[in-house]
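All remarks here apply to the structure that follows.
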Amino acid sequence: MKPRTVLVGTDWWTDCDDVAAMRVLVWAEKQRMIDIMAIGINACMEYSVMSLDAFLQEEGRPGVPIGIDHKATDFGGNPPYQKNMAAGTHSTRTNADCEDAVRVYRRSLAHAQDKLDVVEIGYPQVLANLLLSPGDDISPLTGLELVSCKVNKLWMMAGNWGDEGNGVENNFARNPRSRAAGSYLCVHWPTAITFLGWEVANNILTGGTLTSSTDLVAQAMRDHNSSRGRSSWDPMLVLLACQGDETEAGYRTITGTARVDEQTGRNSFEILPNGNHSYVIKTKPDEYYKAAIDNILESMQRA
């Protein structure tokens, strides 16, 4: 079967679950499940690109196009893992070397031969700005038109859907830009969206079995004070998206229409049989998902 092409967005930020998720992503590409077309960073810090570039090189996947939202400096935090990851490795790119993430996405979509999937494990403002982008030197199509023509589906770690689809979660609610972008995205994104929410992965800790002193995922876990494991929000969403089928991945879906309140970031969900949105509910014990993620992380651990 031909690998599915994916665009990936990440808040390569303070949390180490993005690092674990990126390893799952590279693993899936090595398994010929996906092809990584580009990565967009939607939380900007001094070592954002340098640390991600270093990680991708260490994982055996150099040269992935990286875009960044240079304005996304308003999410706070000072993660030690980024500086430590960039130090002593072979990173060749910095924030200044990378284009705006919207341009990287527009170019990727314009050049895509077939429809691709978008995988988002961070904040939604890059995707919202993509929809709002006008035609330019890359393509005469607007961002909305490019997404309509070239995207099959959006897989997104966002929302807290445990209380009958109502809750508050960081990726939507972090700050005014994320709240406004989440609200806009849910109304205007033209393809199907599958959400994996906070409640699905909060109690599933992975990465705690990594013991290497030189492995970058293990180092990021230690830097985050999560050497015994971290909640698996991002790696579980990435693995689900790479598998590409909710049922086969061990979930059932609730279908309808999602909304995000622009002022509070609170998400809500109206159940509708023909809705364009879904959120997932686990159908297997937590240990099933934990083992799947840990096995992948361990299989690529550096000695």
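Residue numbers (the numbering used here): 4 to 306. Glycine included, C-beta positions come from ideal geometry on N, C-alpha and C.
Contact fails between the stretch 69 to 87 and the stretch 30 to 40, because fewer than three Cβ pairs, one in each stretch, are under 8 Å apart.
Runs of beta strand (DSSP E) with 3 or more residues, each lying fully within the stretch 210 to 277, are found at 254 to 263, 270 to 274, listed in chain order. Taking 3 residues as the minimum length, the beta strand (DSSP E) runs contained wholly in the stretch 16 to 47 are 37 to 44, in order along the chain.
CA-CA distance, residue 182 to residue 222, rounds to 32 Å. Judged by DSSP in its simplified three-state form, residue 73 adopts coil rather than helix or strand. Residue 120: member of the beta strand (DSSP E) spanning 119 to 123, first to last residue.
In this structure, DSSP gives residue 284 an extended state, which the three-state scheme calls strand.
When secondary structure is reduced to three states using DSSP, residue 155 falls in the strand class. When DSSP reads this structure, residue 11 sits in a beta bridge with 42, 122.
Looking at the DSSP output, residue 198 shares a beta bridge with 159, 282.
For the set 105, 127, 305, 23, the Cα lying nearest the Cα of residue 189 is the one of 127. Only residues of its own chain outside the window of five on either side were considered, and among them 208, 209, 210, 211 have a CB closer than 7 Å to the CB of residue 232, listed in chain order.
In the three-state scheme derived from DSSP, where H, G and I count as helix and E and B as strand, residue 208 is classed as strand.
In terms of Cβ geometry, residue 150 and residue 9 do not form a close pair [threshold 8 Å].
Nearest to residue 100 by C-alpha distance, out of 129, 70, 204, 79, is 70.
C-alpha of residue 110 to C-alpha of residue 142: approximately 8 Å in a straight line. In the three-state DSSP reduction, residue 170 falls in the strand class (E or B). The shortest C-alpha to C-alpha distance from residue 175 to any of 214, 235, 156, 130 is the one to 130.
Residue 239 and residue 204 do touch by the CB rule: their CB atoms are close to 5 Å apart, below 8 Å.
In the DSSP assignment, residue 128 falls within the unbroken alpha helix (DSSP H) covering 128 to 135.
In its chain, beyond the 5 residues on either side, 105 have a beta carbon closer than 6 Å to the beta carbon of residue 132. By the Cβ neighbour-count rule, residue 196 is buried, with 16 or more other Cβ atoms within 10 Å of its own.
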